[in-house]
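Under our numbering, the letters of the sequence shown match residues 225 to 387, in that order. Inspection log for the structure reproduced underneath, given as structure tokens.
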Amino acid sequence: MSWSRVWDRLSRSYTVIAPDLPGFGQSEKLSTPTLSGMATMLKELLGVLHLDRVTVVGNSFGAGVAIKFENDHPQMVSHLVLVDGGYMPIIPGFMKKFISLPGVNQGFRALIRNATFSRKTLNRSFANPPKLPAGFLEKIEQNTMVYSRISFDTIMNHSTPLS
225 MSWSRVWDRL SRSYTVIAPD LPGFGQSEKL STPTLSGMAT MLKELLGVLH LDRVTVVGNS
285 FGAGVAIKFE NDHPQMVSHL VLVDGGYMPI IPGFMKKFIS LPGVNQGFRA LIRNATFSRK
345 TLNRSFANPP KLPAGFLEKI EQNTMVYSRI SFDTIMNHST PLS
């Protein structure tokens, strides 16, 4: 969805593969969402497609996955392109324990979800929202619970810095 406006242009010069990250779009989620798990699924997809060296482009949350993929499988990455993302915070263990408390967890998830996926935030996230594909923001809003859960859980499971 994020890249639908540029696929055709890119495909004139490159083979374009645009997988859904696990749990986003139409793909199944991982039982425990981690960057490593998502990078492994990307490696498996490229193996099935018999591709051994590729340019990896990651947008937003996908930029963290792209960095992890490059860290884990550098021999497979000819170029790494990051768009609007790349930083993945490491939450200290004591904070993870606190955030995991039932009442705190629900409140913290709601706070992050509203700060990240509110219409106001989404409108500020794009230079020219009217130029987005039809239904783009509505699709994100419809899937806010799923997207925020996967993103939040992945960050909670993240424990090593991306470099």
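By construction, the Cβ of each residue, glycine as well, lies at the ideal position given by its N, Cα and C atoms. Because the structure is a prediction, the values reported are computed rather than measured.
So, at 8 Å on beta carbons, what are the nonlocal neighbours of residue i in its own chain, with the 5 sequence-adjacent residues on each side left out?
i, result
"N329", "I323"
"T384", "I314"
"S284", "S226, V307, D308, G309"
"V301", "R277, V278, T279, V280, F293, E294"
"S387", "I291, N295"
"T340", "S372, S375"
"A334", "none"
What is the DSSP secondary structure of residue i, reduced to helix, strand or coil?
i, result
"L269", "helix"
"A242", "coil"
"M312", "coil"
"A351", "coil"
"L346", "helix"
"R233", "helix"
"Q250", "coil"
"P357", "coil"
"L335", "helix"
Once the 5 residues before and after residue i are set aside, which same chain residues still bring their CB inside 7 Å of it?
i, result
"R337", "T368, S372"
"R229", "P357"
"A253", "Sequence check: residue 253 is Lys here, not Ala. Taken in chain order, the residues that qualify are P246, G247, I374."
In the DSSP output, which residue or residues are listed as bridge partners for residue i?
i, result
"N283", "V307"
"F301", "Note that residue 301 is Val in the sequence shown here, rather than Phe. Paired residue(s): V278."
Taking the CB atoms as reference points, tell me whether residue i and residue j lie closer together than 9 Å.
i, j, result
"P243", "G261", "no"
"R303", "K267", "According to the sequence as given, residue 303 is His; it is not Arg. No, these two residues do not count as a Cβ contact at 9 Å."
"R348", "E365", "no"
What's the call for residue i, buried or exposed, on a 16-neighbour Cβ count within 10 Å?
i, result
"E294", "buried"
"A351", "exposed"
"L270", "buried"
Give me, in chain order, the residues of the same chain whose beta-carbon lies closer than 6 Å to that of residue i; leave out the 5 immediate sequence neighbours on both sides.
i, result
"V240", "W231, L234"
"A287", "L306, G309, G310"
Is residue i close to chain B, meaning its C-beta is less than 9 Å from at least one C-beta of that chain?
i, result
"E365", "The displayed structure is made up of one protein chain only, and chain B is not part of it."
Closer than 8 Å to a non-hydrogen atom of the ligand ATP - does that hold for the CB of residue i?
i, result
"G249", "Of ligands this structure carries none, so the ligand ATP is not represented either."
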